[in-house]
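Peer 1: Next up is a structure, given as structure tokens.
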Amino acid sequence: MGAAKGCLPWNKGLRAAPKGRYVVRRVVGHPRASAPNHGVYEHVLVAEAALGHYLPEGAEIHHVDGSRTNNANRNLVICQDHRYHFGLHVRAKIRAAGGNPFTDALCGGCHRVLPRMSFTPCRGHLETRVSGRCRECTAAWQRNHKRKDTRTRASRRIRRIIRLVLSLTAAGVAVSVEA
Ligand SMILES: [Zn+2]
Ligand SMILES: [Zn+2]
0 MGAAKGCLPW NKGLRAAPKG RYVVRRVVGH PRASAPNHGV YEHVLVAEAA
50 LGHYLPEGAE IHHVDGSRTN NANRNLVICQ DHRYHFGLHV RAKIRAAGGN
100 PFTDALCGGC HRVLPRMSFT PCRGHLETRV SGRCRECTAA WQRNHKRKDT
150 RTRASRRIRR IIRLVLSLTA AGVAVSVEA
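Numbering-wise, numbering that gives the first Met the number 0 puts 162 at position 163 of the sequence shown, and it's gapless, one number per residue.
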């Protein structure tokens, strides 16, 4: 299905690849230090220095410019949890695609940024409250799916008839099938 592998980036280049690797520092005894090297992300340490205490459990740090190596104070946003952090990324993606992060949404099918009215409401998507694909893409998918579905149902019926005929002939019953 779709283009051959390697022709296009999997997301058509819409999601910016994270730039660089996180900077890690060695801090023995830090609650977020990972074994065995006591590594702690530098952005966590910068945020904690600004806060004056350890980050609460579950809190995450967002890099405003998308660069993982830019741990300047003003490039970091402390997020109370993953949901808040994820929301920042959703809005940044909509803005990067030229949309309004509060009224538009990005379609995961056609990759267009469209007003939220072009999507079906979906409470599961906490940030936009609309489905991941626009109405047009959803309708196209459903058309496709329905066609495939009838095909399988038809072939299932044919297979059932063949099985019946085979079992009858095995039982010694003469069967004539009319076309
Ligand atoms: Zn982030
Ligand atoms: Zn779409």
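Built from N, CA and C at the ideal position, the CB exists for glycine as well.
Given a cut-off of 8 Å, decide if residue 75 and residue 29 are closer than it, judged by their beta-carbon atoms.
Peer 2: For residue 29 and residue 75, no; Cβs fall outside 8 Å.
Peer 1: Between the alpha carbons of residue 25 and residue 45, how many angstroms are there, rounded?
Peer 2: In a straight line, the C-alpha of residue 25 is about 14 Å away from that of residue 45.
Peer 1: Between residue 21 and chain D, is any beta-carbon pair separated by less than 8 Å?
Peer 2: Among the chains of the structure shown, chain D does not appear; only one protein chain is present.
Peer 1: Would you call the stretch 98-107 and the stretch 128-137 in contact, with 3 or more CB pairs under 8 Å?
Peer 2: At 8 Å Cβ cutoff, the stretches touch.
Peer 1: Since residue 33 sits in a beta bridge, which residues does DSSP pair it with?
Peer 2: DSSP lists 38 as partners of residue 33.
Peer 1: Given the structure, does residue 131 come close to ligand 2, in the sense that its CB is under 7 Å from one of the ligand's heavy atoms?
Peer 2: No, Cβ of residue 131 sits at least 7 Å from all heavy atoms of ligand 2.
Peer 1: So, helix, strand or coil for residue 125, using DSSP?
Peer 2: Residue 125 falls in the coil class under three-state DSSP.
Peer 1: Measuring only the C-alpha atoms, how far is residue 124 from residue 114?
Peer 2: Distance between the alpha carbons of residue 124 and residue 114: 15 Å.
Peer 1: What span of residues does the alpha helix (DSSP H) with residue 87 cover, start to end?
Peer 2: Element bounds for residue 87: 81-95.
Peer 1: For residue 144, is the classification buried or exposed, using 16 other Cβ atoms within 10 angstroms of its Cβ as the cut-off for buried?
Peer 2: Residue 144 is exposed by the Cβ-count criterion.
Peer 1: Starting from residue 119 and walking both ways along the beta strand (DSSP E), at which residues does that stretch end?
Peer 2: Here the beta strand (DSSP E) through residue 119 covers 118-120.
Peer 1: Rounded to the nearest angstrom, what separates residue 21 and residue 121 at their Cα positions?
Peer 2: Each residue's alpha carbon lies about 34 Å from the other.
Peer 1: Quick check: the Cα distance between residue 49 and residue 117, rounded to an integer number of angstroms?
Peer 2: For residue 49 and residue 117, the distance between alpha carbons rounds to 42 Å.
Peer 1: Where does residue 35 land, buried or exposed, given buried means 16+ other C-beta within 10 angstroms?
Peer 2: Exposed, because fewer than 16 other Cβ atoms sit within 10 Å of the Cβ of residue 35.
Peer 1: Tell whether a beta-carbon distance below 8 Å holds between residue 61 and residue 69.
Peer 2: No, Cβ-Cβ distance for residue 61 and residue 69 is not below 8 Å.
Peer 1: Under the assumption that residue 84 contacts residue 59 (Cβ atoms under 8 Å), give the Cβ distance between them as a whole number of angstroms.
Peer 2: Between residue 59 and residue 84 the Cβ distance is about 4 Å, and since that is below 8 Å, they are a contact.
Peer 1: Considering Cα atoms alone, identify which of 92, 71, 31, 37 is closest to residue 52.
Peer 2: It is 31 whose Cα lies nearest to the Cα of residue 52.
Peer 1: For residue 67, which three-state DSSP category applies?
Peer 2: In the structure shown, residue 67 sits in coil (DSSP, three-state: anything other than H, G, I, E or B).
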